[in-house]
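J.: Chains as they are written, first to last, in our numbering: chain D, 1 to 331; chain Y, 1001 to 1290; chain X, 2001 to 2263.
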Amino acid sequence: MPLIQVTDLRKEFHIFKHHRGARGAIRNLFTRESRTVHAVDGVSFTIDAGELVGYLGPNGAGKSTTIKMLTGILVPTRGEVTVAGRVPWKQRVDHVRGIGVVFGQRTNLWWDLPVIESLDLLRYVYRVPADRYERNLTEFREMLELDEFLNTPVRSLSLGQRMRADLAAALLHDPHILFLDEPTIGLDVVAKERIRRFIQSINRERGVTVILTTHDLGDVQKLCERVIMIDRGKLLFEGPPRELVNRFGGERELVVDFAEDYANVDVDGARIVHRDGRRVTYRFRRGAISASELIQRLSAKYRIEDLSVQEPQIEDTVRRIYEQGLLREKS
Amino acid sequence: MDYKRYAIGDTRSEIKNPKSAIGNWQLYRRLVGAQVRSQMQYRASFIFDCIAQFIGTIVDFAVVAVLFTRFPSIGGWSLGEVGLLYGLSSLSFALADMLGSGFDYITFGATMVRQGGFDQILVRPVNPFLQVLASQFVVRRIGRILQGALILAIALSLIQVAWTPLKIAFTLVTIAGGIVFFMGLFIFGSGVSFWTVESLEAINIVTYGGQMMTSYPMHIFQGWLRAVFMFIIPMAFVTYYPVLWLLDKPDPLGGPTWLAFLAPIVCLVVFGAGVWMWGFGVRHYQSTGS
Amino acid sequence: MRLYVELAKKSFQRQVAYRSATLAGFVTNLFFGALRAEVMIAVYGMQTSVAGYSLDDAITYTGLTQALIGATALWGWYDMIRSIKSGEVASDLSKPFDYYSFWLAQDVGRSIYQLLARGVTMMIAYALIFGISLPITIEQWALTLLSVAFAMLIGFAWRFLVSAVAFWTTDAVGFARMAYFLVLFPSGFLVPIAFMPDWLQALCRATPFPGVVDTPVTIYLGHTQGVEAIVLILIQAAWSVVLIALGRTVAEAGRRKLTIQGG
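1. In angstroms, rounded to a whole number, what distance separates the CA positions of X/Leu2064 and X/Pro2208?
2. Which residues in the same chain have their Cβ closer than 6 Å to the Cβ of D/Asn136, if we skip the five residues on either side of it in sequence?
3. Which term fits X/Phe2264, buried or exposed, when burial requires 16 or more other beta carbons within 10 angstroms of its beta carbon?
4. Going by beta-carbon coordinates alone, are D/Leu307 and D/Val273 separated by less than 8 Å?
5. Assuming D/Cys224 and D/Leu52 make a contact with CB atoms under 8 Å, what is their CB distance in whole Å?
6. Check this for me: beta carbons of Y/Val1113 and Y/Ile1187, under 8 Å apart or not?
7. Label Y/Ala1263 either buried or exposed according to how many other C-beta atoms from any shown protein chain fall within 10 Å of its C-beta, with 16 as the threshold for buried.
8. Going by CA-CA distance only, name the one from D/Gln105, D/Gly79, D/Glu134 and D/Ser64 that's closest to D/Asp174.
9. Bridge partners of D/Asp276, per DSSP?
10. Which residues, in chain order, does the segment 2176–2196 of chain X contribute to contact with chain Y at a C-beta distance below 8 Å?
11. Just how far apart, CA to CA, sit Y/Ser1078 and Y/Met1212?
12. How would you call Y/Ala1162, buried or exposed, if buried means at least 16 neighbouring beta carbons within 10 angstroms?
13. Determine whether the Cβ of D/Arg78 lies closer than 8 Å to any Cβ atom of chain Y.
14. CA-CA distance, Y/Gln1160 and Y/Lys1167?
15. Using the C-alpha atoms, what's the distance from D/Ser201 back to D/Glu193?
16. Just to confirm, is the Cβ distance from X/Ala2172 to X/Ile2081 under 8 Å?
17. Beta carbon of Y/Gln1120, beta carbon of D/Asn108: below 8 Å?
18. Given that Y/Arg1070 touches chain X, what residues does it touch there, using C-beta distances under 7 Å?
19. Using only alpha-carbon positions, find the residue among X/Ala2073, X/Asp2056 and X/Val2165 that is nearest to X/Gly2254.
20. Just to confirm, are Y/Ala1155 and Y/Gly1083 a CB contact at a threshold of 8 Å?
21. Quick one: Cα of D/Arg106 to Cα of D/Thr214, how far?
22. How would you list, in chain order, the residues of chain Y whose beta-carbon sits under 9 Å from the beta-carbon of D/Thr71?
23. For X/Gln2015, count neighbouring Cβ atoms within 10 angstroms of its own Cβ and tell me buried if that reaches 16, exposed if not.
24. For D/Arg164, decide whether its Cβ has a neighbour in chain Y, counting only Cβ atoms nearer than 8 Å.
25. Mind listing which residues of the segment 2033–2044 of chain X have their C-beta closer than 8 Å to chain Y's C-betas, in chain order?
26. Let me see if you follow: with CB-CB separation under 8 Å, is X/Thr2218 close to chain Y or not?
27. Could you say which of Y/Gly1023, Y/Ser1193 and Y/Met1183 lies nearest to Y/Phe1093 if we only look at CA atoms?
28. Does any residue of chain Y bring its CB to less than 8 Å from the CB of D/Phe13?
29. Check each candidate in Y/Phe1068, Y/Ser1045 and Y/Leu1185 and name the one with the smallest Cα separation from X/Val2039.
30. Which residues in chain Y sit within 7 Å of X/Phe2031, going by Cβ to Cβ distance?
31. DSSP three-state label for D/Ile54, please.
32. Taking the C-alpha atoms as reference points, what is the distance between X/Ala2149 and X/Leu2134?
33. Following the continuous beta strand (DSSP E) through D/Arg252, name the residue where it begins and the one where it ends.
34. Return no unless some Cβ of chain X is closer than 8 Å to the Cβ of Y/Asp1097.
35. Interface residues of chain D around Y/Leu1130 at Cβ under 7 Å?
36. Using a cut-off of 7 Å between C-beta atoms, extract the partners of D/Asp112 located in chain Y.
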């Protein structure tokens, strides 16, 4: 029996046309012209307990809307959702007691209070028994290195610190599901790694089912066992990340600044997409050649002053999926 | 995998379980405590606000006092009698303001609705009404509360009232009724703010305007205004009718004396309307998001 | 100079966009005005004149004071504080215009709009509902307008001075709220200064605030005329100068503090 079951989920929003001005105000009273946005348009999937699933899509794809329905914040227009045998928005309190949510943009903590006070308050909000609270707190303090800012008010924290605090807060009550909405957005590489390692250990050692929405293919590759990709409210792809990347994973870019002016800078395995003096942009397929291999080939033939690797955008991957005419729905 | 072993606490509905009523109260106290500590962080602002409140109520009453230096009475009522109306109204309003500021439509509309802070509230296993109620406990209102009490005391010293235990109890009920009434208005405002905040400034007519109106004897106002504040938003029951009864004054408008006893019921009805609007707004939020 | 005119125009146009908010504000002001007028009618009872104010005068007074709310921003103005808190001020200060004039120009645009949309309309509404007194001679009209202009200037100068506190403290809003509040009584907004006992009148007149409400009101009602009116306007002008000078000094000190500390 899967932990989370989503069947033909739909969410429509009615955007009312708002007329401006005094005459418009009167028109607003009489007419209700509206435009329907299908934010989630017939999505179905299941998630088993203990999975670490990535929920991907470009901006406006409907990711946040789906998560809001899974957490019980939003009521769908049609369709069914069952989480641990409950309907999230109908049995809100019971449902919410067993989940943890971290929103990327907003914090779950009290803005002006030291982190530790927020955590203490949440203990009462979730009615965590004292010994369990202590045990979790000690563990998180170590794993997330919270001590460096435990007594700092939340408003003074850096983004990375706040994310760590939010993660600890979301797990204090031992939820069996953790929803993460863009957890690594805006973080530097080191911070991202730390967060990813934490999420992984939570999933493997504690058996917490993790659903994470992200824009970042790096997150996907390093963390997720399975990905579900949506765009414009519809399910596009479902499967292991390796398959996604291999089949549709966009091309990576290598931007090279050569030390000299070379007439011909061709190289096997990559194609040139842009040339501007000594700066050349190459594109190469992830499955076809690795970045280090490509760099080796280039440096064997030319002198390189500087280079950088750019990851493909998720929009690229989406485009490729459309191009290959694939729209797969798993029932 | 057995999910139920992760459930903490009683999974039955919180309202039905009497133990959780106490739990809710304790939680309220903790949340309020956190809120107060948050406010204390801004010490300077706190002090300024306290001073402002202090001056504010004196200024308000100074206006009335100045009027009385020029006019012998207001609608036939003496300074002490008007002071009684004013003190009761001011005290009730200040207490309601202190308790119910979480529902103030400006902050609520901005942080909770527009910026989506309400999502965070829905994700916690606590009644959202309780969370919003506990989110603002405006300590600095203490200044205004004390002033209201002071003016009430002064007013009582200026007038002759035939005090009985019933009258004393009724005075307390009137104050409580006023608190409930004004809080009902605040809560109603927050419910509306789920839809729009643009024209909501007009609600000041009801809250602050209401506080002003209940400070004067109602019969001095013109017919249409009185009608609005007796039937549409029943302000007249907050102070006017109760005070009429306390002072054993007949109603110049000819209303029966038992109207005073209708007051607590009216206040509860207004509160109920506010809570209904709130619930309506929450359901709207859950179907349209932020 | 053209720049400031542009700023004023932009500010005016920005206000025009908020139609329903302005309407709501107008309705609210009108309601409170009606409330206060009713109180006046009630307290006057049989009396015809109190402290030189006839009942018509008193009712007109409530209308005038409500009309001036928007233009003088009596209840508060936090734009400058917000810009300092957010750090926008750094870019404002680095631009090639005078910081004080920058804000003044914008406020002129804003207050002219408020005067027209909420001030004049208020008086029209009052004329329809209550019937109000009007200035009789052109001289009175001219002096009234001049006085209103200075009232708006004093109002701005005070708000700027108060907002400049934000250069030093992170929580200027609390201070500003209190400072704005102090203006209400001595300005004659809540109760005509003429109503107050002599000692209280003297106290109020020692502040710049009667110039924000009371002075234009008495000139409008014709209680002060001719030379007396001009004297009052000169007092308004003098206070404007003082407050503007203070504001500029404080802002300069604030700018120096910012550049040393780096915001």
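Where a beta carbon is used, it is the ideal one built from N, C-alpha and C, also for glycine.
T.: On the basis of the coordinates in this document:
1. 19 Å
2. Leu172
3. Only positions 2001 to 2263 of chain X appear in the structure, and residue 2264 of chain X is not among them; the question remains open.
4. no
5. 6 Å
6. no
7. buried
8. D/Glu134
9. D/Arg279
10. Arg2177, Met2178, Phe2181, Leu2182, Leu2184, Phe2185, Leu2190, Val2191, Phe2195 and Met2196
11. 17 Å
12. exposed
13. no
14. 13 Å
15. 12 Å
16. yes
17. yes
18. Val2050, Ala2051 and Phe2195
19. X/Val2165
20. yes
21. 16 Å
22. Asp1119, Leu1122 and Val1123
23. buried
24. no
25. Ala2034, Leu2035, Glu2038, Val2039, Ile2041, Ala2042, Val2043 and Tyr2044
26. no
27. Y/Met1183
28. yes
29. Y/Phe1068
30. Ile1205 and Gly1209
31. Note on residue identity: the sequence assigns Gly, not Ile, to residue 54 of chain D. In the structure shown, D/Gly54 sits in a strand (DSSP, three-state: E or B).
32. 18 Å
33. Glu251 to Phe258
34. no
35. The contacting residues do not exist; Y/Leu1130 stays about 10 Å from chain D at best.
36. Ser1038 and Gln1041
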